[in-house]
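Below: the structure, in structure tokens.
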Amino acid sequence: MDLLFQQPQPQQQDPPTVHNPPNNVPEKKRRRPPLSCEQCRRRKVRCDRSQPCNKCVESNAPSCTYAPVHIPAWRAKKLDLAANTIGNGGSSSINNSNGGGDAAAAVDGGSAKPHKPTSLDSTSASSKLVSSNAGTSSAASSPNVDWLVARVQQLEERLAKALRLSDAPDAQKRLQAAPEMTEPAEGFVAKSRFYGHSHWLYGVNILTVEQDLVGQEKVNQGELWATLGRCKALGRKIKKNRLRPLSSTNLGAQIPERELADVLVDNYLRTFEGVFRVVHIPTFRADYARFWEDSHPSNESFAILLQLVMALGAALYDDVFSLRPMATQWIFEAQMWLMMPPEKKRINMEGIQIQCLLLLAKSTCNVGADMVWMMAGNLVRNAMFVGLHRDPQYLGDLTVYRAEMRRRLWATVLELNLQFSFEGGGSPLLSTAHYDTLPPANLNDDELTDEKDSARLTVKSPKVPTQTSVLRALVATIPLRMNLITHVNSTKPGDHYEETLRLNSDLTKSCRAVSETLLSLQAAPHSPITPFHVLVTEILLYRCFHALHQPVIVKHLDDARFFFSRQMCLDSAMKITHIWGLPDAWTGDKETAAKAMDADLKRLVTNGTGFFRNVATQAMIIIQIELLNAKAGQATSLGYLPTVGSANLHARLNATRTWSLERVRAGETNIKGIILMTACLAHVKALEQGVDAKHKTRMMFQAALDISQQCLEILKGVAEREGLPRSEWEDGGAGAVLDEASVTSMAMDWMQEWNWDDGGGQGISFPQWEADFEGAELMDDLGFDVVQF
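For reference, each letter of the sequence shown is one residue, going 556 to 1344 in the working numbering.
In structure tokens:
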């Protein structure tokens, strides 16, 4: 009997051997929840599990969604129990069990993947994401996972409640604000170059129909394509014919006759020097006189400085820029002189002056104009190397002449760096915290004496016009414009549109104040300020409106919330075309043109490049966009505001086409801007007539073909005027390169598709035609065999 009662005892002492499976028996595997979003799982790419994920952002996917995680019934009950326990204040017991405190610290410490909600109602999506992340850990036990999910839900509920209760008006503003308003501006990459928002080419993205025109013709290989190929081949021949041999042993020796040199020097001193103060005019004239008196001048640096002055004056010499080859030669010599060792010997005041003139000349004369932004950065650092960024009062007892020349030169360096940042679509990489140099004093050049700068007592009132008044007006707006261009080309998110509106308000006040001040100073008796100085200053200021609002209208053209930006772009475009004298100055009537526009500026905007071309081109794009929208029946105002008549816009666009043809006659070899503009006018005409899509395309093709053939004839005249042998360009000639076979076989990479593939800012296929707008490339470092493309 004792044995019978003792037999079950071993089973009771070791119950796991009977009722429970041993510890080494593997638990049944359950299916892992998907961690990647549904879009990345379909594409089989890595997902960073954010909302939205990086791959969906890069591919510009319309949505980024995650599959719901299946929660079994037994786990759902535990979740409810845990939630009730936390809600009743029993979270401490859970934290103390199974290492829950460590898990809670991990969640509260932010070890989970950061989530960017798009609204206050995104708690469900984020909870799914965190739940899936929590379920991936094989080491975590089931109670820990359940607790993490419950904890995340609790924190999200508290956060949503806190946002609803505190600062409700601000919450409403955040809900009403568009997501794009807080995103940084994205540029695009083309041919290993990045284009920011301020670049004039950014606005062409809206003109998709006009961009597709040549892309279609490239496939068809029709008559328009052949004509464009002939224009391109002839343009290359013309640019190559302008080049001259370059030798480092003969720098500064290409000086024309005294009579021509006097005209070119006067052209520069009358125009550019009144805006960008680089030289001291009395000292420069004295050195210029000694230069001609000495048959063997020993000062090579002054010869380089003189050549750059004459290169800028050559752009104003005649209506066709006949001295372009000579100006190009002078610019290449100056660049070679700066690069020759020892470079340290040229980093002084005279070297900074030469660099300033070189940047102006390269931009104006179209010699590597697309590279000046990088050179401007080098100029800033060289100027800081010689201490121009520190005010002379901290550098010892300097004379008034030396101190003021340093202040003037630093102000010019700041202005050039700022303007070329707009041109290049980049940042000035400089702020007001990097310098403490005071603005130049309101003094004429003959008032810069050798007395101590600290003991100077004679300073003119700002209401008295001097040779430095224009530069002083520009310096006063540099901090504002520096913040503006940094904001426009910023890569960081923030309250982007709110900052845009604030900068617009400050810029409007500054532009109005500067215009009123300069006009009053110009009207004063014996004022050295000319209409040219006032107009160029307004160009430098009013172009900021385009850079500020162009990114907004490219993204939100038809969004009523951003109508103010669209209106400001149009107003600034109308202002720019008014400065250009469009359409009055380009009607063919010389008397009307003389009254409508300053003669120097009219010649400079015809022959020059840089901002003398790009600002008007940017305004032209804005006018094209508004005209197309008006003819397409879209709203061009808020209903109660007066609008600019489409007839006025049409007249200005026609005048701009005339101006572009004048530029081709003056030696411009790129015709794509004219074709784009002509196609836009044909598009407008087709919309007015109400034709179908096929007829509209035929009208645009025919208009583009007519203008391209007209440009080809003009380029032939330019080739003949510049001495290009007829055998090089005449159709059917012995050495002609313009026959049909060569046009078909030539590598015309400049005419790749005109349309942009958005691609979310990644992998953009951008056309290569913009490079021809920019002129010559830098000289080859070895052979100096320079060919412009």
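Virtual Cβ for every residue (Gly too), placed ideally from N, Cα, C.
Best match in GLY829, ASP1139, TYR843 for proximity to THR1092 [C-alpha to C-alpha]: GLY829
CA-to-CA distance, PRO607 to HIS1133, given in whole angstroms: 46 Å
query: Thinking C-beta only, is ALA1068 closer than 8 Å to PRO1020?
result: no
- prompt: To the nearest whole angstrom, what separates the beta carbons of MET865 and LEU819, a pair I think is in contact under 8 Å?
  reply: Indeed, because the Cβ distance is near 4 Å, the residues count as touching under 8 Å.
task: Rounded to whole angstroms, what's the CA-CA distance from ASP603 to SER618? Just pull it up for me.
output: 15 Å
- request: State yes or no: is the C-beta of ASP1008 within less than 8 Å of the C-beta of LEU1095?
  value: no
- prompt: Are the stretch 1031–1048 and the stretch 970–978 in contact at 8 Å, needing three or more beta carbon pairs?
  reply: Yes, they touch.
- request: State the DSSP-derived secondary structure class of PHE1256, mapped to helix, strand or coil.
  value: helix
query: Within 10 angstroms of its Cβ, does ARG1253 collect 16 or more other Cβ (buried), or is it exposed?
result: exposed
task: Report the rounded CA-to-CA distance for LYS792 versus LEU783, giving the unit in angstroms.
output: Each residue's alpha carbon lies about 14 Å from the other.
query: Shortest alpha-carbon distance to PHE857 belongs to which of LEU871, LEU867, VAL834, ALA870?
result: VAL834
task: List the endpoints of the continuous alpha helix (DSSP H) containing TYR949.
output: No alpha helix (DSSP H) holds TYR949; DSSP gives it neither H nor E.
Beta-carbon proximity of LEU547 to LEU915, cut-off 8 Å: Residue 547 is absent from the model: the chain starts at 556 and stops at 1344.
query: Closest to LYS1240 by CA distance: which of MET1255, LYS1249, GLY1228 is it?
result: MET1255
message: Does GLU778 pass the burial test, meaning 16 or more other C-beta atoms within 10 Å, or should it be called exposed?
response: Exposed, since its Cβ has fewer than 16 Cβ neighbours within 10 Å.
message: Under DSSP, the alpha helix (DSSP H) around ARG748 begins and ends at which residues?
response: Where ARG748 is concerned, there is no enclosing alpha helix (DSSP H), although the beta strand (DSSP E) it sits in stretches over 748–750.
task: Would you decide whether ASN1225 is buried or exposed? Buried here means 16 or more other CB atoms lie within 10 Å of its CB.
output: buried
- request: Using a threshold of 8 Å, state whether the C-beta atoms of ILE1131 and ALA1171 are closer than that.
  value: yes
- request: Using beta-carbon positions only, say whether ALA1274 and LEU789 come within less than 8 Å of one another.
  value: Their beta carbons are under 8 Å apart, which means ALA1274 touches LEU789 by this criterion.
Residue burial classification, TRP1135 (beta-carbon count within 10 angstroms, cutoff 16): TRP1135 should be labelled buried.
query: In chain order, which beta strand (DSSP E) runs of at least 3 residues are fully inside the stretch 1206–1283?
result: none
message: Measuring only the C-alpha atoms, how far is LEU806 from ILE859?
response: 8 Å
- request: Can you give me the start and stop residues for the alpha helix (DSSP H) that GLY1102 sits inside?
  value: According to the sequence provided, residue 1102 is Ala. The question's Gly does not apply to it. Segment 1086–1110, the alpha helix (DSSP H) holding ALA1102.
- request: Can you grab the Cα-Cα spacing for the pair TRP885 / GLU613, in whole Å?
  value: TRP885 and GLU613: Cα-Cα distance of roughly 46 Å.
- prompt: Taking Cβ positions, are LEU943 and LEU964 nearer each other than 8 Å?
  reply: yes
query: Who are the near neighbours of HIS1104 in its chain, counting only those whose CB is closer than 6 Å to its CB and skipping five residues on each side?
result: Excluding residues within five positions, the ones whose Cβ falls inside 6 Å are SER1120, MET1123, CYS1124.
Near the ligand GDP: GLN884 beta-carbon under 7 Å from a heavy atom: Although the ligand GDP was asked about, the structure shown includes no ligands whatsoever.
query: The alpha helix (DSSP H) with ILE902 in it runs from where to where?
result: From DSSP, ILE902 is part of no alpha helix (DSSP H); its letter is neither H nor E.
- request: Excluding the 5 residues preceding and the 5 following THR967 in the sequence, name in chain order all residues of the same chain whose CB lies nearer than 8 Å to its CB.
  value: Around THR967, the same chain offers PHE831, ARG832, VAL833, CYS911, LEU1026 as residues with beta carbons nearer than 8 Å, after the five sequence neighbours per side are excluded.
query: Would you report the Cα separation of LYS1251 and ASP1261, rounded to the nearest angstrom?
result: 16 Å
message: Just to confirm my understanding: we take MET930, look at its own chain, exclude 5 residues before and 5 after, and list those with CB closer than 7 Å. What are they?
response: LEU914
field: Distance, CYS611 Cα to LEU934 Cα
entry: Roughly 41 Å separates the two Cα atoms.
task: In the DSSP assignment, find the unbroken alpha helix (DSSP H) run with CYS608 in it and report its ends.
output: Neither: CYS608 is in no alpha helix (DSSP H) and is coded neither H nor E.
query: What's the call for ALA1237, buried or exposed, on a 16-neighbour Cβ count within 10 Å?
result: buried
Euclidean distance between Cα positions of ASP873 and VAL1219: 14 Å
query: What is the DSSP secondary structure of VAL955, counted as helix, strand or coil?
result: helix
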